[in-house]
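Comments concern the structure below.
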Amino acid sequence: MVNQNRATRHRAAAVASLPARYRLEDLVKHFVKQLLRQLLGSPGRVLLLTVVLLAGPVRAQLPPSVPDPITFGYAVERGDLRTVTRWLDQGLDPEYQAAQVGTGLMVAAWHGRIEMMALFVERGADVRRTNRNGEQALQLAAWGGHREAVNWLLEHGAPLDRQGNNWGALHYAVFNGHQTLAEELIARGANVNARSPNLSTPLILAAREGRDGMARLLLEAGANPKSQNDWGDTPLTIAMRYDHLRLAKMISSPEEFEIAVKAPKESFGEAHRSAAVPSEIDEILKEIRAAEAEGRPSEALHKKLQATANALRRASPPPLAARQMPRPYVPPSMVITARRGRPGAERAQLMVDGQPAGQAGASTAAGGPAGAGGKAANRPSSEQSAAAAQVSDLLRQIRLAEAQGQPADELRQQLYQAVARMQK
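With our numbering, the residue at position 248 of the sequence shown is 231, and numbering never jumps.
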């Protein structure tokens, strides 16, 4: 009895010591506990039920260590090692995907940031992993001509050549004119006759872009001048289509070249030269990023970017379905082929020693690879950062699609929209 009185006085003193606004709430909680103890008979069950009743609803949330893909990509792009390290320390997956390009390792390779690449690889990122376009970090580094990044990746397990028909580092180095990088890759043993998804070899890409030095380098390394892509186009066909006569003469015999120069121009197919304007956009985009990174005004550059995009829109060819296709000229020495179920895809090829040297009636070009604050603010907004990364990524995809003879109209519309978002 004495102990019960002491306990009662102790509880009364404890309640009396609380601020007035808490007394009623605590008394209610105490009363509920006592009532439940009598009903359930177990203090443990009473405590559990009380906690559940008083805790309220629980809302699922992402851990604070997981950034959104746009923020993540921008941090990797600008080389923010401290922030990215903190995210990884807090449990971020080292294969986490940015909004554009791919994983953090791929974004770092795209921008040639070796320290950032090393951080991701140390935390478990796979150098052989591919993005949705089938590209690995090595090809993305090679696209930008980042020689040191390419060498670092090769020294850390990236395959020099791909298995099957895939874009390789040599394809991308040749396609974008990185001569020294191409020389280094060949010196390491890169396959000069490697095949892309549309069966193009590096020499076919050099012929499309008119890169005489690249073509000479590849021929000296053993490139096959009679290789064909999936449309049967050879390096000579491509060189003649794009009026690269000096290169065409280099990669053919005197007899082949003489026949080719006498053939009608239309027999080699239509040349699409729209890649020059996207390249100009890419250069302006680099200037914008450099200005914003250094805190310089970029409003004039944004206006220049918009004007260039508008020029691209006006200069773009109409959609493939709306184009009027010329009737092919067919000399007597040509062999005509067609594909079942594909009207309009007829092809006529000039034969020289059993090898096709030209084509007619092809509806698309063939060639190379396929698929990254306010206007005057020091730092762009997250929306502008995402748009800038998308512009870089779309420029690559457009060039690669055109080089393979694939439609790029939808990609171009996405490009225009991304450029517009950069101006907001």
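No residue lacks a Cβ here, since even glycine has one placed at the ideal position from N, Cα and C.
- Each of 381, 199, 216 and 271 was checked against the Cα of residue 287, and the nearest Cα belongs to 271.
- The bridge partners DSSP lists for residue 80 are 86.
- For residue 64, the enclosing alpha helix (DSSP H) stretches over residues 64 to 72.
- Secondary structure note for residue 217: it is in no alpha helix (DSSP H), with a DSSP letter that is neither H nor E.
- Runs of alpha helix (DSSP H) with 4 or more residues, each lying fully within the segment 152 to 176, are found at 152 to 158 and 162 to 170, listed in chain order.
- In the displayed model, residue 94 falls within coil according to three-state DSSP, outside both helix and strand.
- For residue 118, there is no enclosing alpha helix (DSSP H), as DSSP marks it with neither H nor E.
- Distance from the Cα of residue 186 is smallest, within the candidate group 173, 179, 180 and 201, for 201.
- Under the three-state reduction of DSSP output, residue 209 falls in the coil class, being neither helix nor strand.
- Shown here for residue 103: same chain residues with a beta carbon closer than 7 Å to its own, the five before and five after excluded, namely 77, 87, 88 and 91 in chain order.
- About 4 Å separates the beta carbon of residue 227 from that of residue 193, a gap short enough to meet the 8 Å contact definition.
- The count of Cβ pairs closer than 8 Å, one atom from the segment 392 to 406 and one from the segment 368 to 379, reaches three, so the stretches are in contact.
- In the three-state DSSP reduction, residue 236 falls in the coil class, being neither helix nor strand.
- Membership of residue 246 in any alpha helix (DSSP H) is not indicated, and neither H nor E is assigned to it by DSSP.
- Around residue 107, the same chain offers 77 as residues with beta carbons nearer than 6 Å, after the five sequence neighbours per side are excluded.
- Contact between residue 133 and residue 152 is confirmed by a C-beta separation of about 6 Å, below the 8 Å threshold.
- When the alpha-carbon of residue 229 is set against those of 404, 199 and 51, the nearest one is in 199.
- Distance from residue 147 to residue 99 at the Cβ level is roughly 29 Å; contact not present, criterion being Cβ atoms closer than 8 Å.
- By the C-beta density criterion, residue 250 is buried, having at least 16 other C-beta atoms within 10 angstroms.
- Under a 10 Å Cβ-count criterion, residue 224 is classified as buried, with 16 or more other Cβ atoms of the shown protein chains found around its own Cβ.
- Taking all protein chains in view, the Cβ of residue 157 is crowded by 16 or more other Cβ atoms within 10 Å, so the residue is classified as buried.
- About 11 Å separates the CB atoms of residue 71 and residue 49; that is not less than 8 Å, and the two are not in contact.
- Of the residues 73, 83 and 69, the one whose Cα lies closest to the Cα of residue 56 is 83.
- DSSP places residue 199 in the uninterrupted alpha helix (DSSP H) bounded by 195 to 203.
- Straight through space, the alpha carbons of residue 283 and residue 118 are spaced by roughly 34 Å.
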